[in-house]
Amino acid sequence: ETGVTQTPRHLVMGMTNKKSLKCEQHLGHNAMYWYKQSAKKPLELMFVYSLEERVENNSVPSRFSPECPNSSHLFLHLHTLQPEDSALYLCASSQTRAGVEFFGPGTRLTVL
Amino acid sequence: GQQLNQSPQSMFIQEGEDVSMNCTSSSIFNTWLWYKQDPGEGPVLLIALYKAGELTSNGRLTAQFGITRKDSFLNISASIPSDVGIYFCAGQLDSNSGYALNFGKGTSLLVTP
Numbered sequence: 006e007t008g009v010t011q012t013p014r015h016l017v018m019g020m021t022n023k024k025s026l027k028c029e030q031h032l033g034h035n036a037m038y039w040y041k042q043s044a045k046k047p048l049e050l051m052f053v054y055s056l057e058e059r060v061e062n063n064s065v066p067s068r069f070s071p072e073c074p075n076s077s078h079l080f081l082h083l084h085t086l087q088p089e090d091s092a093l094y095l096c097a098s099s100q101t102r103a104g105v106e107f108f109g110p111g112t113r114l115t116v117l
Numbered sequence: 077g078q079q080l081n082q083s084p085q086s087m088f089i090q091e092g093e094d095v096s097m098n099c100t101s102s103s104i105f106n107t108w109l110w111y112k113q114d115p116g117e118g119p120v121l122l123i124a125l126y127k128a129g130e131l132t133s134n135g136r137l138t139a140q141f142g143i144t145r146k147d148s149f150l151n152i153s154a155s156i157p158s159d160v161g162i163y164f165c166a167g168q169l170d171s172n173s174g175y176a177l178n179f180g181k182g183t184s185l186l187v188t189p
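Protein chains in written order, with our numbering: chain A, 6 to 117; chain B, 77 to 189.
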């Protein structure tokens with residue numbers, strides 16, 4: 006596998022479920038990101054990890070919980086989501102925090 | 077984040093036509109990026125611009141970093157059906173702002189054969 010991969014590609018969950026999104030980068034990058042993409046809105050940065058340390062959390066509700074166990078893997082744990090959380094969740098990575106970001110294919114999340 | 081104004085919002089053109097889209101901002105950026113997103117996929121980097129006035133090409137694509145550092149444009153020459161998708165501009169701030177990327181809302185391009 007090359008680049009940035011995300012699993013699952015599609016996820017449907019109820020509001021009481023707990024699920025996790027996974028991202029893996031094969032580029033040797035040191036920074037990883039979670040973005041939310043909703044229709045008709047610009048990409049919204051959610052979390053930034055640099056060298057496995059969370060360096061940015063853009064006022065994201067606590068029902069979203071990120072985890073970065075190492076520089077190649079990033080998770081987004083989901084708990085008691087709302088229907089308005091339905092969106093495409095994109096993972097990205099960059100060589101350094103200041104570097105150009107490369108995106109994964111995204112997870113299309115639907116909350117019922 | 078900083079708001080980027082990307083236009084046009086959508087374009088519907090015939091194969092072979094040239095395309096131009098642009099982004100403007102009230103803030104100065106250190107880097108301008110252009111991405112393309114196909115349906116059901118993540119954005120793919122097309123061109124990165126690092127200096128004011130820089131003009132860079134990638135095949136049929138050409139992008140420029142505006143002299144004021146507050147704007148950028150992307151041109152596509154001789155469009156083909158596979159150019160269909162959503163094109164996003166993104167401006168990157170400096171270390172004082174955490175290198176945050178600010179995205180435009182995208183230009184949706186449709187190309188008819």
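A virtual CB, placed ideally from N, CA and C, is assigned to each residue, including glycine.
- Residues of chain B whose Cβ lies closer than 7 Å to the Cβ of V105(A) are, in chain order, L109, L121, A124.
- The bridge partners DSSP lists for N62(A) are F52(A).
- For the pair of segments examined, the stretch 84-94 of chain A was found to touch the stretch 32-41 of chain A: the number of CB pairs separated by less than 8 Å reaches three.
- The straight-line gap separating the alpha-carbon atoms of S184(B) and V160(B) is approximately 8 Å.
- Pairing L50(A) with A124(B) gives a Cβ-Cβ distance that is not under 9 Å.
- Taking the beta carbon of L95(A) as reference, the chain B residues within 7 Å of it are G118, listed in sequence order.
- CA-CA distance, L137(B) to G92(B), rounds to 13 Å.
- Sixteen is the threshold: since fewer than 16 other Cβ atoms of the shown chains lie within 10 Å of the Cβ of S64(A), the residue is exposed.
- Residue contact with chain A for G135(B): absent (no Cβ-Cβ distance below 9 Å to any residue of chain A).
- Rounded to the nearest angstrom, the gap between the Cα atoms of T112(A) and R145(B) is 33 Å.
- With contact defined as three or more Cβ pairs closer than 8 Å, the stretch 93-104 of chain B and the stretch 63-77 of chain A are not in contact.
- Cβ-Cβ separation between Q82(B) and G180(B): approximately 3 Å, consistent with a contact (criterion under 8 Å).
- In the three-state reduction of the DSSP assignment, P13(A) falls in the coil class.
- Your pair H34(A) and S99(A) checks out as a contact, with CB atoms roughly 6 Å apart and the cut at 8 Å.
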